[in-house]
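Presented below is the structure to which this report refers.
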Amino acid sequence: MSNSEDDDQRGEAVLTLEDPTEDEVDELETEVETEPEPSRLKRRLMAGLLALVAVAAAAALVVLSLGEYHHRQDDARRGEAVAVSRDYLVAMAAFDYQKMDANRDHIVANSSPGFAAKYDEMVKALRDIVVTSKGVATATADHVVVDSLDGGTATVVAFVDQHVTNVTAPQGSNQKYRMVVKLVRSDDRWIVDDVQTV
263 MSNSEDDDQR
273 GEAVLTLEDP
283 TEDEVDELET
293 EVETEPEPSR
303 LKRRLMAGLL
313 ALVAVAAAAA
323 LVVLSLGEYH
333 HRQDDARRGE
343 AVAVSRDYLV
353 AMAAFDYQKM
363 DANRDHIVAN
373 SSPGFAAKYD
383 EMVKALRDIV
393 VTSKGVATAT
403 ADHVVVDSLD
413 GGTATVVAFV
423 DQHVTNVTAP
433 QGSNQKYRMV
443 VKLVRSDDRW
453 IVDDVQTV
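Okay, structure coming up:
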């Protein structure tokens, strides 16, 4: 295919398989280079704006992901604090005069050194009374909730039901206690730092 003379006179171009002449190439480059400056500026602004939106979206995604991660981590720590407190309080409130030290290892292993020493003192003070009265107690802690959680510390409130039998009450008596447990993080687990009956 080639351009005909009639097409050239009318200013029309026909598709050819021939290479364009240098004049035609220069003319096309000049048209591209003479693109109005505001149009270029608009494209650059749009590209910058799109990049800014992409960066903002990525930053928002990171912030939301971190927030969700911390929320899940707090939920897991709350669950651990409840489980540790429940097991601890049941072990602490249950006793058998024939096996006074049965729960001691569990309690000491899950206590801070200061509270473990306090627990040992309490058991020593009560040992004679419990053995003499042939006391046996079972306990449950069904209502246990985290009152506060702050990084490496937690406060847990629990309601403990204790059933005690002894020589003066062989049929047993039921007692209810509201207890506040203070926990601290030790490595990657909760340990009990204090227990108060309120």
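As numbered in this note's numbering, residues 263 to 460 make up the sequence shown, in order.
For glycine and all other residues, C-beta sits at the position ideal for the given N, C-alpha and C.
Report yes or no: do three or more beta-carbon pairs, one from the segment 395 to 413 and one from the segment 351 to 360, lie closer than 8 Å? yes
Answer yes or no: do R348 and A387 have a C-beta to C-beta separation smaller than 8 Å? No. Outside cutoff.
Determine, for L326, whether the minimum Cβ-Cβ distance to residues of chain D falls below 8 Å. Included in the structure is just one protein chain, with no chain D present.
Would you mind sorting L326 into buried or exposed? The rule is 16 or more other CB atoms within 10 Å of its CB. L326 is exposed by the Cβ-count criterion.
Which residue wins for smallest C-alpha separation from Q424, given the options V442, A345, Q437 and V385? Q437
Assuming A338 and L411 form a contact by the criterion Cβ under 8 Å, report the distance between their Cβ atoms to the nearest whole angstrom. Not confirmed; about 11 Å, so no contact.
With H, G and I counted as helix, E and B as strand and the rest as coil, what does DSSP make of S301? helix
Limits of the unbroken alpha helix (DSSP H) element including V393: P375 to T394
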